[in-house]
DNA sequence: CGCTTACTTGACATTGGTCAATTATGGTGG
DNA sequence: CCACCATAATTGACCAATGTCAAGTAAGCG
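Chains as they are written, first to last, in my numbering: chain X, 1 to 251; chain B, 252 to 502.
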């Protein structure tokens, strides 16, 4: 399921990175792009459903998602699973592992995934040569923290219907920020089991809760995926405020 | 309740920082300490129960806790509260606010608190002049992320008794890492309401759950505070693994 | 065509929540 | 020192949200 592309010629050049063309991400100088291009040692293709990183393992790499969706999760010994966050194009993964050197969570592909691969060893070089990029890394980590804070609020204090509304609108807004303006409808590539494991609910109760949202015409659940039809009302129901940042860094 | 000390002479000098004497934190070069000392613009004393930062406000500062305990939390509109994490001596707060510029959570003092104050404006200067300190900031943010991941697992997937065992042992280990070796027993400065709001439980159920832990002689709850008497069994019950890092950065 | 995965649904069980009353305990003003 | 008050902890009775079990349907895939 995992396939590494090492040959320089086959790889996406950072200077032509399709993500950077989007207004969503900040502009980089030529020098910065040159460094990142050199910092990038390869590309990884992971098939849908494959596990990219495993809790407890050591990884010498950092990754940035180029295309596709995935999620981070932790397991308890008896198999109970908690999904921590979702990863979408532009997201950096593996930073947390820098601390203990050991991964504290696993990562799985929700769709086929393309990842840029970076060497962890050279991160310090990045901080030395390009302080702005170092600052970006801190920014990225702090943003992830904010998202986790909001998830914690949902899981801990929102009711089943509120937390479901929160999660679906959260994913909807994350995804739509990456879409062209005119994309009318798109489907979130998750199952109800993912929703359950993100929100700390059972799958049965998740199903019944989603059904209520469908009855209220806020979402549709078709073809093994979810389409959000009324994001604003969903946000309202959740008592949440979507992120408003214009541009963000990326590695 | 809040009181700022600006006069240079009254402040704790970073070179004599009592925290840095502990084996828990990494060594810094003279240059680094000089920079940090200059970066520090003052000290803030906050009385027990006072609110240091408020969700939605803008703060021009970062803080490091010198002495005392506090906690970060978020509120829903109707007052439901979720405690996100606890802050202890050596912890940095306010990094998250760098992103939107607006605080996404509030901070309250659990005990009287002394904080070192830094100017957020000068963070970029830190990254430029001392890349290692910049790296430390990323490290600190990534560590907070790991902790939040574990909290999310607790709140989402552990049972009431497991999550309570997790929280109390978590706080016990965090606190004991800051104590001298010989400190036999110390008390966590929290109420059962804090435990409830951290774990997403009601206060009544929290009380009954803590009572079970007391009956099993794993903790004591006296004088409005909790003493952990059997941390190992608590960790076992939670199905958790305490942090093992030897030294960490600090700002 | 038959298997597997995902989604549904109803009946019932249980964890954890709500309400309400009670008991410490420490602090404050007289 | 004492009466009074507020906060925190405790407990029992009852209730509601959510979990578990079980069975069934629908769609995708080799």
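Cβ atoms here follow ideal geometry from the backbone N, Cα and C, with glycine treated the same way.
Remember, predicted model here, so these are calculated numbers, not experimental data.
Paired residues, beta bridge with residue i - DSSP
i: residue 323(B); result: 336(B) and 358(B)
i: residue 353(B); result: 309(B)
i: residue 297(B); result: 253(B) and 364(B)
i: residue 63(X); result: 93(X) and 117(X)
i: residue 304(B); result: 358(B)
Per-residue DSSP class, three states only, for residue i
i: residue 274(B); result: coil
i: residue 40(X); result: strand
i: residue 263(B); result: coil
i: residue 33(X); result: helix
i: residue 410(B); result: coil
i: residue 426(B); result: helix
i: residue 328(B); result: coil
i: residue 416(B); result: helix
i: residue 28(X); result: coil
Member of the options whose CA lies at the smallest distance from the CA of residue i
i: residue 95(X); options: 141(X), 131(X), 79(X) and 54(X); result: 141(X)
i: residue 283(B); options: 397(B), 457(B) and 387(B); result: 387(B)
i: residue 176(X); options: 244(X), 39(X), 159(X) and 147(X); result: 244(X)
i: residue 98(X); options: 321(B), 291(B) and 395(B); result: 395(B)
i: residue 449(B); options: 280(B), 422(B), 354(B) and 429(B); result: 422(B)
i: residue 467(B); options: 441(B), 351(B), 488(B) and 501(B); result: 488(B)
i: residue 444(B); options: 476(B), 500(B) and 431(B); result: 476(B)
i: residue 267(B); options: 254(B), 285(B), 255(B) and 253(B); result: 285(B)
i: residue 38(X); options: 2(X), 86(X) and 14(X); result: 14(X)
i: residue 304(B); options: 272(B), 292(B), 352(B) and 271(B); result: 352(B)
i: residue 502(B); options: 343(B), 451(B), 430(B) and 254(B); result: 343(B)
i: residue 117(X); options: 190(X), 59(X), 55(X) and 88(X); result: 59(X)
i: residue 246(X); options: 173(X), 40(X) and 55(X); result: 173(X)
query = Does the stretch 290–300 of chain B come within contact of the stretch 358–373 of chain B, defined as at least 3 CB pairs closer than 8 Å?
reply = yes
inquiry  = As an exercise, report each continuous beta strand (DSSP E) stretch of at least 3 residues that is fully enclosed by the stretch 182–251 of chain X, in chain order.
reply    = 219–222 and 225–228
query = Should the stretch 411–424 of chain B be called in touch with the stretch 368–380 of chain B, which here means at least 3 C-beta pairs below 8 Å?
reply = no
task = Would you list, in sequence order, the uninterrupted alpha helix (DSSP H) runs of no fewer than 4 residues that lie entirely inside the stretch 111–146 of chain X?
result = 123–129
Touching by the beta-carbon criterion (3+ pairs, under 8 Å), the stretch 421–439 of chain B and the stretch 466–483 of chain B = yes
query = Touch check for the stretch 273–286 of chain B and the stretch 303–317 of chain B: three-plus C-beta pairs under 8 Å?
reply = no
request  = Specify whether the stretch 327–343 of chain B and the stretch 375–385 of chain B touch according to this definition: at least 3 beta carbon pairs, one from each stretch, less than 8 Å apart.
outcome  = no
message = Count Cβ pairs between the stretch 402–415 of chain B and the stretch 79–86 of chain X that sit closer than 8 Å; are there 3 or more?
response = yes
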